[in-house]
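Numbering (the UniProt record's numbering), first residue to last: 1 to 460. Heads up: the structure comes next, in structure tokens.
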């Protein structure tokens, strides 16, 4: 096995030089069939390479593989974290810039960026499979930078909807399914840990962005804050872009036709899609309403104090740590099992814990637990898809699953805000709605879980 692993890091020319493929014909040099096929990453390999098992094909560690994960982590820190840090901007717009605008309207902005981002992800995943991951990620970075920079000059709510909503979501969605799927090209046994670490950037980045954006806005105002914020992204992206790298598919998957859907779409596929579709409606409510909830129940805090934002910051950091832990747990106990636990336990936490969290301490404890457990599903999504549908077209499949959560991204928190208004400010109605939707998501994944293995304690 050590020979196989060391050969994987050789350039294609070196691999060709050491292969057992037949030599060129006499006379002028013409690359033989085996060499032509070996050069193309989507074609069938030589017989010697064909004997490599799928597990042996992956480095499953090493410096280069973990640098790729670090690059994906940095992209997640800057793009996926936007929605999780939105609560700070939403609170600023609601109290300072657009005081006459309702919370349900402002939360729709974050819903819009997430909806468009996830809707774009499906098409972008397919384009990445066809034209290369790095090319599409570069396009995403350029467009995202333009949106953030232009949003600094926003003066009307429609500008916020455009440049911090729909257009920003489109720009970010181009890259999202690609850096989410990329770690799976480098890892096999440790795939869950690698994917969890990469996607944990959304939570850790969300925590840092919550701190940075709030301080920038309070001290410098929105315009200067967004200009600085946009250029901070560029610095991170340059480093991340140099770290990421694509890897060829395993020999068994080369030469397959590029598809927009799995080869065999069955109940398991729709089980995962249904789980994401319903569960996401309740997932984001604690993040969007955390600052507002804290102000209402912890009345002794100064509304402009950083302490108001601390529960949201803690929830984001816990999310990042939780996704790393979830990846390791998925490697031990099975990704589908942990996917179920994320929705089920997250729903219970909202319905039971958040409902009765009225003190600052209780709100902080809920923030830690909800961030740590209730967010696992997103980092485990590509691992679950790889387990159920293999790596063939993984970014396309992951993109479709992200598309499935688009309705909940745009409407979930807005429905929560409407429920809060309709109930006369009764937060129990919100917690039972959002927690209940996550429980439904947990129930939906059970079909795929037991279709994979009917044993109750199977590690799937």
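Beta carbons are placed, not taken as given, at the ideal position from N, Cα and C, and that holds for glycine.
Three-way DSSP call (helix, strand, coil) for residue i in this model
i           : result
residue 301 : coil
residue 190 : coil
residue 332 : helix
residue 144 : helix
residue 133 : helix
residue 436 : helix
residue 153 : coil
residue 446 : helix
residue 452 : helix
residue 206 : helix
residue 324 : helix
residue 470 : There is simply no residue 470 to check, as the chain begins at 1 and stops at 460 in what is shown.
residue 245 : coil
residue 315 : helix
residue 80  : coil
residue 457 : coil
residue 265 : coil
residue 424 : coil
residue 200 : coil
residue 126 : helix
residue 44  : Caution applies to residue 44, whose pLDDT of 46 falls short of 50 and renders its modelled position unreliable; the model cannot decide the point.
residue 229 : helix
residue 102 : coil
Among the options, nearest to residue i - alpha-carbon criterion
i           : options            : result
residue 323 : 288, 290, 370, 306 : 370
residue 404 : 277, 300, 230, 452 : 277
residue 155 : 426, 97, 122       : 97
residue 274 : 453, 444, 190      : 444
residue 126 : 397, 453, 410      : 397
residue 79  : 333, 387, 453, 199 : 199
residue 283 : 217, 247, 413      : 413
residue 203 : 376, 99, 421       : 376
residue 326 : 93, 194, 172, 112  : 194
residue 372 : 389, 341, 305, 293 : 341
residue 349 : 363, 299, 328      : 363
residue 289 : 243, 82, 107, 459  : 107
residue 440 : 187, 265, 339      : 339
residue 238 : 374, 70, 293       : 70
residue 452 : 407, 432, 248, 388 : 388
residue 319 : 307, 333, 217, 368 : 368
residue 248 : 419, 115, 185, 313 : 185
residue 85  : 314, 206, 357      : 206
residue 501 : 58, 64, 128, 164   : With the chain covering 1 to 460 only, the question about residue 501 has no answer from this structure.
residue 146 : 172, 121, 123      : 172
residue 310 : 88, 72, 221        : 88
residue 315 : 286, 306, 420      : 286
residue 72  : 118, 177, 103, 455 : 177
residue 457 : 352, 220, 415, 333 : 333
Residue i at chain C interface by Cβ criterion, 8 Å
i           : result
residue 101 : Structure shown: chain C not included; a single protein chain is present.
Distance between beta carbons of residue j and residue i, contact taken as under 8 Å
i           : j           : result
residue 191 : residue 386 : 7 Å
residue 68  : residue 183 : 7 Å
residue 438 : residue 343 : 5 Å
residue 226 : residue 152 : 4 Å
residue 169 : residue 213 : Not really, about 18 Å apart at Cβ, beyond 8 Å.
residue 229 : residue 76  : So it is not a contact: roughly 17 Å between Cβ atoms.
residue 74  : residue 240 : 4 Å
inquiry  = List, from N- to C-terminal side, the alpha helix (DSSP H) runs of 4 residues or more that fit wholly inside the segment 329–415.
reply    = 335–348, 360–373, 376–389, 394–404
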